[in-house]
Amino acid sequence: MVTVLFAILLPFVCAALIPLLYRRLRRMAHLGWFVLSVPIILFILLARYIPQIAEGKTFIDTYEWIPSFNINFTTYLDGLSIIFGLLITGVGSLVILYSIFYLSTKESLHHFYCYLLLFMGAMLGVVFSDNLMVLYTFWELTSVSSFLLIAFWHHRKASRAGARKAMTITVFGGLSMLAGFLMLYVASGTFSIRDIVSNVEMIREHTLFVPALLLILIGAFTKSAQFPFHIWLPDAMEAPTPVSAYLHSATMVKAGIYIVARFSPVFGGEPVWFWLVSGIGLVTLFWGSFNAVRQTDLKALLAFSTVSQLGLIMSLFGLGSVGHYFGYAESSIIYTQASFAALFHLINHSTFKGALFMMVGIVDHEVGTRDIRRLGGLMALMPVTFTIAVIGGFSMAGLPPFNGFLSKEMFFAAVLAIREVEVFSIDTWGILFPVVAWVASIFTFVYSMILIGHTFFGKLQPNKLDKKPHEAPIGMLISPVILCLLVVTIFFFPNVLGHYILQPAMASIYPTFPTVSELTPHISAWHGVNTELLMTFGVIIIGFILFKTLKSWKPLYRVFSQNYTFNSYYNHLINFSEKGSMKLTNRYMSGNLTHYFVYIYVFFVALIAGYFIWSDAMVFEFTKDSPVESYELVLVFVMMFAAIWMIFAKGRITAMLLNGVLGYSIAFFFVIFRAPDLALTQLVVESVTTALFLLCFKYLPDLMPENSRKRVKWSNAIIAIFAGATVTLVGLAVVHYDRFETVALYFNDAYDLAGGSNIVNTILGDFRAFDTMLEVVVLLIAGLGVYTLTKLKPRKEEADHEN
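In structure tokens, the structure reads:
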């Protein structure tokens, strides 16, 4: 079979081809049809692995990258990663098909599809990478590509702001996760996730185990929009609807979920993990559903509903982590089934939420608004869209006969079962788990009814609409209809999904359990009259009452001042940072070159001299030094005279000539110390720079008034003396500094290491080869910039001439 590496690289290769081929493809057909082939091919290739994955097989491929640092490109395909791989490619195919009919051909489609393929490849890299550093590389690439997708309509201020907020928060979390990965490496001695899982008992006692846990969770929480990092997700809804349907329902926001699931075997038995994952998840579930009710924009409502559903999935993984504490025992099976419910709802959420996002995009596209206050009465005019809304909305609310009902019942069972856990001492607080879950589910029912009722029922308001309502073209309906068919099909045949997809994923999360089949329950829509069913009846009854009386109690939201929201705190923090940095920058960026040198030298003296004094490194030994010749003393006194005179020089030309004396004296020292190549270089550079400075300074204005110059010159003299003394003393101290082995011993083996007998040449040509290559790259980039400017200029002039 085709390796998993091919699945990761194919989107990147096609993204690189789009800028080269888009003009030709645009003439032949819509660019989206070419891009659509990529996820379809990958979905088919991954689907071929399902039978073997279901039998318990895993597929590992390793490609050497930086083996000296244990960083290799290792791909790992197992039951957990294939779920996300199928979601990324399957939902990606439907989103691209939808975008072909949603986006206008006047849009910058080559940019859009290039960003989308970059994101798809980055997500596949995240879920298929076994090496922590490779995973982190793809993780940050998802943040960059999602930034480009959210800001696709960059002419809109809200789109740019939403993209900046998303990138700021997720990149902050990514850096925290990087620190956690490095701590995990220190504790385990490997970057391989598989090796870490197999040696987890050894690293649990390490002092960095809990700090690594906390930092990795920050990364997962920021990416999956968990409380209080959820504030970026609603603002990201300024992206085009296909982006929202892809990033914010099936892929990017699920990356944090993947990290929690993947690292559950490592951290699952830790009480801190249980409390944070389950607790933050439940808070996010409630807060998202509570805020979704107050929204007046359909996409904003779906944004907060996504936050809520992500909290539900996250809390289930937290509850399921209790099974890792018990190990293989009968009492643990009921808790591990919470992880099964999390995986099940992960798939269900991708289906019904993707359909709902596409439905909202259709309403916006065909009606011209997403404002709930202007909508209503669209059921008769848009019957297919209405059907999509009913199936997706009822599934999100947890009603039968839709897949959301099955996973929601399993969620209720998990929060009820957790009350019996005594090991984490939650026998008193355990009642909060089902209570919070039930109350949040009531709000979920209410906002689902708002989504359907206020959009399609009631009275049509044509005078408030920008367009005459009509049903969407068939091309825009195909993708959401397919997702709705999956919603219904999964409800009637859930155990097919459970056997071939969910059971292998459970084997990945619980690798130490001998029989995973015991952890994967038989999914059934009817379990008799039990507490979970009664909770569902309560959700429907109370939720319907609250929905019908919405106008009477919704004003209560006004009690919550907008000045005390997490969004306002974030905005205040950003504004404070910008103003503070501007004040600081304006203070030291005075435009005066002398000031810049003062800052540099003062910092240099404080840091270097301070460290040497603090570390007692200022130790001098002169008995082993070579004797100083008389002509060397003459040169030293000449340089001292020139340096002191330069400070008190009354003209710039005089100061520059004295500076030249210093430069040429250094060249003479190079000659004395038998370095003629350096002396020649110094002479040429000093001659050229002195001539250029003299030419430039001739046309500069006079120096400042005498009184000011005296004050400045004395301060400059003091700084110069301290800087010179620091360099001199450090130079004398390091000659006999013996706390570390001298690097000269390493370079003495230059012939064996680099094949050269001249140490200087081998340092420049071999040991510094990477640095030299980067310098060449800088010159290449500058050359490309110059070439681009010269090529663009005639075109611009021609366009101006035509106008």
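Heads up: the sequence shown is residues 1 to 803, going by the UniProt record's numbering. The beta-carbon is built from N, C-alpha and C at its ideal position, and this holds for glycine as well. The structure presented is a predicted model; accordingly, all values stated were derived computationally and were not measured.
*Does DSSP put W65 in a helix, a strand or coil?*
As a working note, residue 65 is residue 65 in the sequence shown. In this structure, W65 counts as strand in the three-state DSSP scheme.
*Given residue 805, which residues of its chain have a CB within under 7 Å of its CB, disregarding the five upstream and five downstream residues?*
The question about residue 805 has no answer here: the residues shown for the chain are numbered 1 through 803.
*How many angstroms separate the CA atom of M410 from the CA atom of F445?*
On the sequence shown, position 410 is the one that residue 410 refers to. On the sequence shown, position 445 is the one that residue 445 refers to. Going by the C-alpha atoms only, they are around 17 Å apart.
_Rounded straight-line distance, which links the Cα of G173 to that of L10_ = Along the sequence shown, read from residue 1 onward, the residue named residue 10 stands at position 10. Along the sequence shown, read from residue 1 onward, the residue named residue 173 stands at position 173. Looking at the two C-alpha atoms, the distance is approximately 28 Å.
*Would you call the segment 107 to 116 and the segment 13 to 26 in contact, with 3 or more CB pairs under 8 Å?*
Under the Cβ criterion (8 Å, minimum of three pairs), the segment 107 to 116 counts as touching the segment 13 to 26.
*Determine the DSSP secondary structure at T489, reduced to helix, strand or coil.*
Taking the sequence shown and counting its residues from 1, the one referred to as residue 489 is at position 489. Of the three classes helix, strand and coil, the one that applies to T489 here is helix, per DSSP.
*Measure the Cβ-Cβ separation of M476 and I391 and say whether it is below 7 Å.*
For this step, residue 476 is matched to residue 476 along the sequence shown. For this step, residue 391 is matched to residue 391 along the sequence shown. For the 7 Å CB-CB criterion, M476 and I391 do not form a contact.
*Could you check where the alpha helix (DSSP H) with N403 kicks off and where it finishes?*
Taking the first residue of the sequence shown as position 1, residue 403 is located at position 403. Counting along the chain, the alpha helix (DSSP H) containing N403 begins and ends at N403 to A417.
*In whole angstroms, what is the alpha-carbon distance linking I66 and R652?*
To locate residue 66, count along the sequence shown from 1; it is residue 66. To locate residue 652, count along the sequence shown from 1; it is residue 652. Cα atoms of I66 and R652: separation of roughly 53 Å, rounded to the nearest angstrom.
*May I ask you to report which of helix, strand or coil DSSP gives S331?*
Along the sequence shown, read from residue 1 onward, the residue named residue 331 stands at position 331. Because S331 sits at a pLDDT of 48, beneath the cut-off of 50, its placement in the model cannot be relied upon, and the following sentence gives the value as read from the coordinates. S331 falls in the helix class under three-state DSSP.
*Just the Cα atoms here: how many angstroms apart are V628 and A643?*
Locating residue 628 in the sequence shown gives position 628, where the first residue counts as 1. Locating residue 643 in the sequence shown gives position 643, where the first residue counts as 1. When rounded, the distance between both Cα atoms is 21 Å.
*Decide if F492 is buried, meaning its Cβ has at least 16 other Cβ atoms within 10 Å, or exposed.*
Counted from its first residue, the sequence shown places residue 492 at position 492. Answer is exposed; the Cβ neighbour count stays below 16.
*I545: which of F443, M506, S104 and Q337 sits nearest, CA to CA?*
Here residue 545 refers to the residue found at position 545 when the sequence shown is read from its first residue. Looking from the CA of I545, the closest CA among F443, M506, S104 and Q337 belongs to F443.
*Neighbourhood of Y611 by C-beta distance below 8 Å, restricted to the same chain and skipping five residues each side*: Counting from one through the sequence shown, the residue named residue 611 turns up at place 611. For Y611, the CB contacts under 8 Å within the same chain, skipping 5 residues up- and downstream, are A617 in chain order.
*asked:* Quick check: what's the CA-CA separation for residue 852 versus R558?
replied: It is not possible to answer for residue 852, since the shown part of the chain is limited to 1 through 803.
_Reduced DSSP secondary structure (H/G/I, E/B, other) of L77_ = Sequence index remark: in the sequence shown, residue 77 carries index 77 (1-based). Shown here, L77 sits in a strand according to DSSP, grouped into three states.
_Assigned exposure category for N348 - 16 Cβ within 10 Å defines buried_ = Position 348 of the sequence shown, counted from the start, is the residue given in the question as residue 348. Classification of N348: buried, given that the 10 Å Cβ count is 16 or more.
_Rounded C-alpha distance that separates E621 from G731_ = As a working mapping, residue 621 is identified with position 621 in the sequence shown. As a working mapping, residue 731 is identified with position 731 in the sequence shown. Taking the straight line from one Cα to the other gives about 12 Å.
*Specify whether the segment 251 to 262 and the segment 367 to 377 touch according to this definition: at least 3 beta carbon pairs, one from each stretch, less than 8 Å apart.*
Not touching, per the Cβ criterion.
*With a cut-off of 8 Å on the beta carbons, I'd call V200 and P265 a contact; round off their distance for me.*
Counting from one through the sequence shown, the residue named residue 200 turns up at place 200. Counting from one through the sequence shown, the residue named residue 265 turns up at place 265. Distance from V200 to P265 at the Cβ level is roughly 7 Å; contact confirmed, criterion being Cβ atoms closer than 8 Å.
*Starting from I71, follow its DSSP beta bridges and name the residues at the other end.*
Locating residue 71 in the sequence shown gives position 71, where the first residue counts as 1. Bridge partners of I71: I66.
*Please work out which residues of its chain come closer than 7 Å, Cβ to Cβ, to F274, disregarding the five sequence neighbours upstream and downstream, and give them in chain order.*
Within the sequence shown, residue 274 is the residue found at index 274, counting from 1. Once the five neighbours on either side are set aside, the close Cβ partners of F274 are G318, S321, V322 and F424.
*Could you give the distance in angstroms between the alpha-carbon of I313 and the alpha-carbon of L282?*
Taking the sequence shown and counting its residues from 1, one reaches residue 313 at position 313. Taking the sequence shown and counting its residues from 1, one reaches residue 282 at position 282. Distance between the alpha carbons of I313 and L282 is about 9 Å.
*Which of the three DSSP states, helix, strand or coil, is assigned to residue 808?*
Any property of residue 808 remains undetermined from this structure, which presents the chain solely from 1 to 803.
*Excluding five sequence neighbours on each side, which residues of the same chain lie with their C-beta closer than 7 Å to the C-beta of A505?*
Working through the sequence shown from its first residue, we reach residue 505 at position 505. Contacts found: G79, L80, I83 and L343.
*If you run the structure through DSSP and keep just helix, strand and coil, what is S615?*
Taking the first residue of the sequence shown as 1, we reach residue 615 at position 615. S615: coil per DSSP, three-state reduction.
*Any chance you could list the alpha helix (DSSP H) runs of at least 4 consecutive residues sitting entirely within the UniProt domain "MrpA C-terminal/MbhE" (716 to 797), in chain order?*
744 to 747, 750 to 754 and 759 to 762
*Using the rule of at least 16 other Cβ atoms within 10 Å of the residue's Cβ for burial, across every protein chain shown, is C484 buried or exposed?*
As a first step, residue 484 is located in the sequence shown; it is residue number 484 there, counting from the start. With 16 or more other CB atoms across the displayed protein chains lying within 10 angstroms of its CB, C484 is buried.
*asked:* So, for F290: in the same chain, excluding its five sequence neighbours on each side, which residues have a beta-carbon less than 8 Å away from its beta-carbon?
replied: Stepping through the sequence shown from its first residue, residue 290 is reached at position 290. Closer than 8 Å at Cβ, skipping near neighbours: A440 and F443.
*Between the segment 90 to 108 and the segment 529 to 545, do at least 3 Cβ pairs fall closer than 8 Å?*
They do not touch, by the three-pair rule.
_Which listed residue (V415, S407 and S626) has its alpha carbon closest to that of F673_ = The residue given as residue 673 occupies position 673 in the sequence shown. Among V415, S407 and S626, the Cα nearest to that of F673 belongs to S626.
*Given 8 Å as the limit, is there contact between the segment 230 to 241 and the segment 152 to 168, that is, 3 or more CB pairs closer than that?*
Between the segment 230 to 241 and the segment 152 to 168 there are three or more C-beta pairs closer than 8 Å, enough to call the two in contact.
_Taking 7 Å as the threshold (C-beta atoms), are S99 and G32 in contact?_
One-based indexing of the sequence shown puts residue 32 at position 32. One-based indexing of the sequence shown puts residue 99 at position 99. Contact: yes.
*CB F43 to CB T105, shorter than 7 Å?*
Translated into positions along the sequence shown, residue 43 becomes position 43. Translated into positions along the sequence shown, residue 105 becomes position 105. Taking 7 Å as the cut-off, the beta carbon of F43 is found no closer than this to the beta carbon of T105.
*asked:* Tell me which residues share the same chain as P469 and place their Cβ nearer than 7 Å to its Cβ, disregarding the 5 neighbours each side in the sequence.
replied: Translated into the one-based positions of the sequence shown, residue 469 becomes position 469. Within the same chain, P469 has close Cβ partners E366, V367, L378, L381 and M382.
*Separation of D61 from T296, as counted between CA atoms*: On the sequence shown, position 296 is the one that residue 296 refers to. On the sequence shown, position 61 is the one that residue 61 refers to. C-alpha separation (whole angstroms): 49 Å.
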